[in-house]
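Chemist: Next up is a structure, given as structure tokens.
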Amino acid sequence: MMNAVKLLGLFALVPLALAIDRDIAEPLTVPGAFIVEFADGHDATKFRRQAPGFDTRLDLDFELFKGMSIQLHNTDNADEAAASLASLSGVKSIWPVTVVPPPNPEVHIIPGADSESLRRGGGNSSEVPYSTHVMTQVDKMHAKGITGKGIKIAIVDTGIDYEHPLLGGCFGEGCLIESGYDLVGDNYNGTNQPVPDADPMDNCFGHGTHVAGIIAAEDNELGFRGAAPGVRIAAYRVFGCDGGVSTDVLVAAFNRAYEEGADIITASIGANFGWSSAPWAIAASRIVEKGVPCTLSAGNDGSEGLFHSQSAAIGKGVTSVASFQNTKLPLSLLESFETIDDGPRTAFPYDACGGDNFDGVARPLWAVGFNTTSDDDACYPLPDDTPDLSEYHVLVRRATCGPFDQAENLIAKGARSIIVYETGLDTSCIYVANMNDVEAAAMVPKEIGEAWVEALAGGANITVELISRDQATPIVYTQDGGPTAGAASFLTSWGPSYEMEASPKIGAPGGNILSTYPRALGNYAVFSGTSMACPFAAAAFALVAEARGTREPAVIENLLTSTAKAQRFQQVRNGEAVFQDFLAPPLQQGAGLIQVYDAAYGTTMSLEPSNLSFNDTDNFVESRSFTLTNHGSKQVTYRVSHVPTHSFYALPENRRLPSRYPTQSQPEHGDVVFSASELTIPAGKSATVEVTASPPEGLDANRYALWSGYIALNGSDGTSLSLSYHGLVGSLHNAVAIDEDNTYLTVSTGESACPNRIYTLPPHGIIVDAWDKPLPQLYANLYWGTAKMTGELVRLSNTTQSNETGESIGQLAGFPVQWASRGFWTWVWYGRLSDGQYAPVGRYKIVVKALRIFGDESKDEDWQVVETMPFRIRYEE
26 MMNAVKLLGL FALVPLALAI DRDIAEPLTV PGAFIVEFAD GHDATKFRRQ APGFDTRLDL
86 DFELFKGMSI QLHNTDNADE AAASLASLSG VKSIWPVTVV PPPNPEVHII PGADSESLRR
146 GGGNSSEVPY STHVMTQVDK MHAKGITGKG IKIAIVDTGI DYEHPLLGGC FGEGCLIESG
206 YDLVGDNYNG TNQPVPDADP MDNCFGHGTH VAGIIAAEDN ELGFRGAAPG VRIAAYRVFG
266 CDGGVSTDVL VAAFNRAYEE GADIITASIG ANFGWSSAPW AIAASRIVEK GVPCTLSAGN
326 DGSEGLFHSQ SAAIGKGVTS VASFQNTKLP LSLLESFETI DDGPRTAFPY DACGGDNFDG
386 VARPLWAVGF NTTSDDDACY PLPDDTPDLS EYHVLVRRAT CGPFDQAENL IAKGARSIIV
446 YETGLDTSCI YVANMNDVEA AAMVPKEIGE AWVEALAGGA NITVELISRD QATPIVYTQD
506 GGPTAGAASF LTSWGPSYEM EASPKIGAPG GNILSTYPRA LGNYAVFSGT SMACPFAAAA
566 FALVAEARGT REPAVIENLL TSTAKAQRFQ QVRNGEAVFQ DFLAPPLQQG AGLIQVYDAA
626 YGTTMSLEPS NLSFNDTDNF VESRSFTLTN HGSKQVTYRV SHVPTHSFYA LPENRRLPSR
686 YPTQSQPEHG DVVFSASELT IPAGKSATVE VTASPPEGLD ANRYALWSGY IALNGSDGTS
746 LSLSYHGLVG SLHNAVAIDE DNTYLTVSTG ESACPNRIYT LPPHGIIVDA WDKPLPQLYA
806 NLYWGTAKMT GELVRLSNTT QSNETGESIG QLAGFPVQWA SRGFWTWVWY GRLSDGQYAP
866 VGRYKIVVKA LRIFGDESKD EDWQVVETMP FRIRYEE
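Per my numbering, residue 26 is the first one in the sequence shown, and the count goes up by one each step.
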């Protein structure tokens, strides 16, 4: 079940490898595979004596997790077997093994882009340090010599190309990538048996190598550098060359990293659960409790709206990370040359947009017009006095009429070579080459085109050589990030969790990030996603840990959240990204963009906790508190104030399905009052402030209005701290989990189902192609997630009666489903029940039940119930 939506634009100036990272999709279950955790005093040997009939997938014998994952020999009665195993005295918990899909970037590799030929060129790329470091004050940390020295970061990902020249070039003691392990092998796909080895080389994927460069890449000519280049790295490979990763492998990877001395563990992996009770999330939370921070990406499903947190980022104590757009846009272009009048031959960047028939011959440049703000260059037939354009490179500004209209008007005057200059962030090429006599089309950045127009308007003569792609040198060109620069990325998944816990917690640069890539795949790449923000946050943890002399997860998280810079909300209107006059809510950006220097040095105060949740209407907590501690040598007086932001509806008007993007903001906001609006804290002392909240009035509780804001604390010593909070107008318990109109029984072949239809099922144990044979198929559409969903088969009488209740004979195979996310779920049914038996011939209905959020499964009223139409089954002989 995949509801991931790619966020790529239609066209783009080809970056080194441009990707929108897809970390998030619905997990699949491995048939007959389970994670078993043992009770105290029990172990695998005792368990094997009690429970024969399985193979061991992985031994999970760790300090913080005692258990194993198993593969049952007989998967037909897997659900019954799991229930039996759970009842054993030595079993503490049992979970099905699920598969988390891999990151799925769209990648464009540049021919010939190796470490020797790829270099910086033009634009703003001469600026140092790297833009993401300026955004987050990492540059100030480096200036003080703080690089994360002595900190060991474990990267759980696709492995690392440790032979990359910017990643140390070696593996083992004394190398940047000093340790690690491949837990799976190349042929692992998430469902088959892992084949581990000691070499965590990233030789076929690339994601982990990109992550490693964000943390620790060495200085280079391309102008980027790792945020914590002094750290040591341990690489734990959990993906093969194709497919996802199972949750038992993730439990093993995190625990192995912890036991092998990781100071910080980071993973840009996740799946849309919205619940904190999955085994991987539990494992991560236990590690955090033991003093090792875990940073995880918040997810890239911002288009799915509110309440779309992912596991294990919502684990207790885990730091989930949102993405912010880079203030600079690194692009991979090609080098060609210009000459103005009798001046020197100078390089400039361009992108070949089709045809690629540039022969390198110097031709004069001719501009359609000298107005660099015009929106209609070449949108109309050119005047009669236009020269024959066949011997020119024709320069035209991108226009609203579209590239093909422009090309037709230029072709009419003989144009064969067209160069378009951009109007801003729009970097799309015009693919009009070979249209009639057009031989090639090219694109140049805005500032290059405008400089040429200005020179031509002043009477200069410009000659341009356009060198073909196979002959030109690839270069990295950096331009301004445009209207989204510095904003919270639209792609970041919004929280909160279904338990109303905060996610994300903090934000870091994740949009348009240049970093390392495996040598075999091109050496360098530009990715976008919370996958890129997550390792940056891990690097920030390392920098603060070195500067502060502490590695305590909660302390560092509180320092980063309290000093983060909250950004204004950005919304797309009429196709343009526009900043609004209110702050983005913390359930999109966390506390804001991290400011590492301020966290490490900018305050003598510590503030805890990192967020205040006032929960929903039913579970409203009127009063919360926070504590300020003065670690300095002088007393400081703080003024406490309140900066609310707009409220956001989770549901559109008159609909039960959460909005695809939470754009329906309302100016109404909650209010908070403080037990003290000013407090003076002596050196070495602490003060606690009670915060009493009042939800906003006038909002529709049936649409679930998320209200939030920031508590601001301004000190007499010049420091500024903040604390985010949130609450909900509406009862999550009353949320309609199941879409009754779209939870029904149908036919697997696509036919319409009708009441009392007879389905002829294959003989017991026989699986057939459900597209070819009409089988009962159950659809369930979940508006909201549910901690448990059941599917009971109820036997009815053979004669049609009204209001039949019937008798349950068990659950369908595949039920119950735990920790389900919202979205469409579907099952083709062959007659088997969860206990491995098959339903007798007869007349039935299916009763689907979903446990309400905050519900008690022992109470009937806490379940939402939907029944299918009656149907009959029989079996082939």
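In this text, a Cβ means the ideal position worked out from N, Cα and C, and glycines have one as well.
With distances taken between CB atoms, is the gap from T893 to K874 smaller than 8 Å?
Modeler: no
Chemist: Any chance you could list the alpha helix (DSSP H) runs of at least 4 consecutive residues sitting entirely within the stretch 505-584, in chain order?
Modeler: Annotation: the stretch 505-584 contains the following complete segments of the alpha helix (DSSP H) (minimum length 4 residues), in chain order: 555-573.
Chemist: Using DSSP with H/G/I as helix, E/B as strand and the rest coil, what is D164?
Modeler: The answer is helix: DSSP assigns D164 an H, G or I state.
Chemist: So D400 and T425 are in contact, right, with Cβ under 8 Å, and what is the actual spacing, rounded?
Modeler: 5 Å
Chemist: Taking 8 Å as the threshold (C-beta atoms), are A512 and P534 in contact?
Modeler: no
Chemist: Please state whether DSSP places E886 in a helix, a strand or coil.
Modeler: helix
Chemist: Starting from L738, trace the beta strand (DSSP E) both ways and give me its first and last residue.
Modeler: 730-740
Chemist: In angstroms with no decimal places, state the Cα-to-Cα distance between G904 and E416.
Modeler: What the structure shows of the chain is the stretch from 26 to 902, and residue 904 is not part of that stretch, so it cannot be assessed.
Chemist: Taking the alpha helix (DSSP H) that S114 falls in, what are its first and last residues?
Modeler: Per DSSP, S114 belongs to no alpha helix (DSSP H) and is neither H nor E.
Chemist: Excluding the 5 residues flanking E203 on each side, which residues of the same chain have their C-beta closer than 6 Å to its C-beta?
Modeler: R257
Chemist: If I measure Cβ to Cβ from Y735 and keep anything under 6 Å in the same chain, skipping five residues before and after, which residues do I get?
Modeler: A591, V668, S747, S749
Chemist: In whole angstroms, what separates the C-alpha of V891 from that of L757?
Modeler: 19 Å
Chemist: Throw me the rounded Cβ distance for the I180 and A260 pair, which I believe falls under 8 Å.
Modeler: 6 Å
Chemist: Just verifying my parser: in three-state terms, what is the DSSP assignment at P127?
Modeler: coil
Chemist: Look up W300 in the DSSP assignment and say whether it is helix, strand or coil.
Modeler: coil
Chemist: Using a 10 Å radius around the Cβ and a threshold of 16 neighbouring Cβ atoms, would you call Q614 buried or exposed?
Modeler: buried
Chemist: Between S118 and the rest of its own chain, which residues show a CB-CB distance below 6 Å, the 5 nearest in sequence each way excluded?
Modeler: E62
Chemist: Please determine, among F651, Y187, T744, the residue with the shortest C-alpha to C-alpha distance to A625.
Modeler: T744
Chemist: Ends of the beta strand (DSSP E) at P895?
Modeler: P895: not part of any beta strand (DSSP E); DSSP gives it neither H nor E.
Chemist: Here's a check: name, in chain order, each residue in its chain whose Cβ is nearer than 6 Å to the Cβ of T183, leaving out the five neighbours to either side.
Modeler: Take T183, set aside five residues on each side of it, and the residues of its chain with a beta-carbon closer than 6 Å to its own are D227, F230, H232, G233, F264, in chain order.
Chemist: Would you mind sorting A168 into buried or exposed? The rule is 16 or more other CB atoms within 10 Å of its CB.
Modeler: exposed
Chemist: Looking at the structure shown, is K874 part of a helix, part of a strand, or coil, going by DSSP?
Modeler: In the structure shown, K874 falls within a strand segment according to DSSP collapsed to helix, strand and coil.
Chemist: If I'm right that G740 touches T662 with Cβ under 8 Å, what's the distance once you round it to whole angstroms?
Modeler: Sure, about 7 Å apart at Cβ, within 8 Å.
Chemist: Bridge partners of H667, per DSSP?
Modeler: I736.
Chemist: From what residue to what residue does the alpha helix (DSSP H) around L612 run?
Modeler: 611-614
Chemist: Could you tell me whether the Cβ atoms of E490 and F362 are closer together than 8 Å?
Modeler: yes
Chemist: According to the neighbour-count rule (16 or more other Cβ atoms, all chains shown, within 10 Å of its Cβ), is Y405 buried or exposed?
Modeler: exposed
Chemist: Can you list, in chain order, the stretches of the beta strand (DSSP E) that have 3 or more residues and sit fully within the stretch 340-401?
Modeler: 344-350, 353-365, 371-377, 388-392
Chemist: Determine the DSSP secondary structure at S756, reduced to helix, strand or coil.
Modeler: coil
Chemist: According to DSSP, is Y283 helix, strand or coil?
Modeler: Correct three-state label for Y283: helix.
Chemist: When you compare only the Cα positions, how much space is there between W852 and Y502?
Modeler: 50 Å
Chemist: Report yes if the CB atom of S301 is closer than 8 Å to the CB atom of K353, and no otherwise.
Modeler: No, these two residues do not count as a Cβ contact at 8 Å.
Chemist: Nearest CA to the CA of R593: which residue from T291, F515, L83?
Modeler: F515
Chemist: Just to confirm, are G831 and R847 a CB contact at a threshold of 8 Å?
Modeler: It is not a contact, given that the beta carbons lie outside the stated cut-off.
Chemist: How many angstroms separate the CA atom of C879 from the CA atom of A812?
Modeler: Looking at the sequence itself, residue 879 is Phe, so the reference to Cys does not match. Distance between F879 and A812, taken at the CA atoms: about 9 Å.
Chemist: In terms of residues, what are the limits of the beta strand (DSSP E) holding P428?
Modeler: No beta strand (DSSP E) holds P428; the alpha helix (DSSP H) holding it covers 428-436.
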